Amino acid sequence: MGSSLADTAQEKIKRVYESLTRAERQLAGVILENYPMSGMGSITRLADKASVSTPTVARMVQKLGYSGFPDFQDALRIEVEARFSNPIAKHESWAQSAPEGHILNRFTDSVISNIRQTLANVDPKQFDDLTGMLADESQALYITGGRITHALSEYLHLHMQVIRARVRHIRSTSNAWPHDLLDIRPDDVVLIYDIRRYENSTLRLAEIAKAQGAKIALITDQWQSPISQYADVSLNCRIEAPSAWDSTVAMMLLSETLIAAVQEASWDRTKSRMSTLEDMFDQTKIFRKFV
């Protein structure tokens with residue numbers, strides 16, 4: 001059975017993990033540790049690294065829906081290519097295989113598919129855990145993103161500022177971001193947006209924050225940022241679109257849902273802060289009123 005980017009091997013492993021044998025779980029841990037490169041060697045090498053037999057490897061990949069180890073590796077190669085494709089290569093790939101029809105319809109179909117697949121793979125418990133982390137005002141909240149996703153991080157930051165206190169935005173694209181980490185204390189929350197062409201500065205930021213005892217929350221794509229190795233909570237979003245650039249619509253949907261969930265979880269506090277803010281808006285006459 002072939003694999004598609006609509007369902008990565010990593011997601012399949014996590015979905016069947018509870019049904020795996022002890023040896024298969026041991027193997028799964030080795031594969032996920034340095035995914036997807038961990039599965040690119042020979043079947044014997046992978047078995048030795050996980051201290052299991054080669055038949056165990058063969059059985060597990062079949063449980064994941066692959067016809068055998070070569071099919072499993074083919075799926076990983078496709079994922080590696082997708083992770084590191086640049087915008088020009090992406091556009092040429094789409095142009096060759098783009099279905100007929102207007103771009104409005106093709107792009108919309110792709111985005112709707114991204115949303116459906118994202119929601120189908122979001123673990124409600126992880127979502128609720130993240131909601132609780134963002135709502136907990138006893139811990140400071142730091143929010144950051146990369147070159148493209150910084151816009152999402154700014155959007156979330158603006159809303160979280162209204163909902164709760166002790167919220168800070170980190171510009172990871174600036175050389176000054178280490179200054180923002182000076183005040184991080186154990187159990188503070190650092191929420192990071194990171195999608196493919198994963199950025200070294202964002203990864204280093206996560207490493208340092210984790211070393212200082214922070215909890216890391218990650219919103220990433222279906223291939224998962226390297227930051228996932230440090231993440232306490234990780235939510236994956238589908239981002240592919242018929243364009244030279246990826247689509248962040250599914251990530252925005254998830255962000256706005258988080259905003260709504262955190263607001264609901266702490267409504268009395270949020271209502272009070274909103275009321276104070278509205279009074280300030282009235283005093284400063286920032287918004288026009290038609291009454």
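The sequence shown begins at 1 in my numbering and counts up one residue at a time.
Ideal placement from N, C-alpha and C gives every residue a C-beta, glycine not left out.
All of these numbers come straight from a predicted model, not from anything done at the bench.
Handout entry: Cβ pair count under 8 Å reaching 3, the region 108-125 against the region 242-254
Key = Using a C-beta cut-off of 8 Å, the region 108-125 makes contact with the region 242-254, since at least three inter-stretch Cβ pairs fall below that distance.
Handout entry: Reduced DSSP secondary structure (H/G/I, E/B, other) of Asp221
Key = Three-state result, Asp221: strand.
Handout entry: Same chain, Cβ closer than 8 Å to Tyr17, neighbours up to 5 away in sequence not counted
Key = Within the same chain, Tyr17 has close Cβ partners Arg25, Ala28.
Handout entry: Contact the region 224-238 vs the region 199-214: 3+ CB pairs below 8 Å
Key = Verdict: yes, contact present.
Practice task
Taking the CB atoms as reference points, tell me whether Gln263 and Val189 lie closer together than 8 Å.
Solution key: Cβ distance not < 8 Å, so Gln263 and Val189 don't count as in contact.
Practice task
Assign Leu20 to one of three DSSP states: helix, strand, or coil.
Solution key: In this structure, Leu20 counts as coil in the three-state DSSP scheme.
Problem - Assumed close pair Gln73, Met40 - CB separation to whole angstroms, cut-off 8 Å - result: Correct: roughly 7 Å between the Cβ atoms.
Practice task
Could you name the residues of the same chain whose beta carbon sits closer than 7 Å to that of Val50, not counting the 5 residues immediately before and after it, in chain order?
Solution key: Residue identity check: residue 50 is Ala in the sequence provided, not Val. Excluding residues within five positions, the ones whose Cβ falls inside 7 Å are Gln26, Leu27, Val30.
Problem - Inter-residue Cα distance where the pair is Trp177 and Ala23 - result: Roughly 43 Å between the two C-alpha positions.
Problem - Own chain, CB closer than 8 Å to Thr54, minus 5 neighbours either side, in chain order - result: So the list reads Ile43, Thr44, Ala47, once near-sequence residues are dropped.
Problem - C-beta atoms of Ile239 and His159 nearer than 8 Å - result: His159 is positioned such that its CB atom lies no closer than 8 Å to that of Ile239.
Practice task
Compare the C-alpha of Glu33 against each of Thr270, Arg116, Ile227 and name the closest.
Solution key: Closest option to Glu33, Cα to Cα, is Ile227.
Practice task
Using beta-carbon positions only, say whether Asp194 and Thr149 come within less than 8 Å of one another.
Solution key: Taking 8 Å as the Cβ cut-off, Asp194 and Thr149 qualify as a contacting pair.
Practice task
Compare the Cα-Cα distances from Asn86 to each of Arg116, Asp221, Trp245, Asp187 and report the closest residue.
Solution key: When each option's Cα is compared against that of Asn86, the closest is Trp245.
Practice task
Go through its chain and collect everything with a Cβ distance to Gln161's Cβ below 8 Å, but skip five positions before and after it.
Solution key: Closer than 8 Å at Cβ, skipping near neighbours: Val167.
Practice task
Leaving out five residues on either side along the sequence, give the residues of the same chain with a beta carbon under 6 Å from the beta carbon of Gln222.
Solution key: Here the set comprises Thr8, Asn236, Arg238.
Problem - With 16 other Cβ atoms within 10 Å as the buried cut-off, status of His157 - result: Buried is the call here.
Practice task
Kindly say whether Thr108, judged by its beta-carbon, lies nearer than 8 Å to any beta-carbon of chain B.
Solution key: No chain B appears in this structure, which consists of one protein chain only.
Problem - Which of helix, strand or coil DSSP assigns to Asn353 - result: Since the first and last residues shown for the chain are 1 and 291, residue 353 lies out of range.
Exercise for the section: Tell me whether the beta-carbon of Ala265 lies closer than 8 Å to the beta-carbon of Ala135. Expected result: A contact, by the Cβ cut-off of 8 Å.
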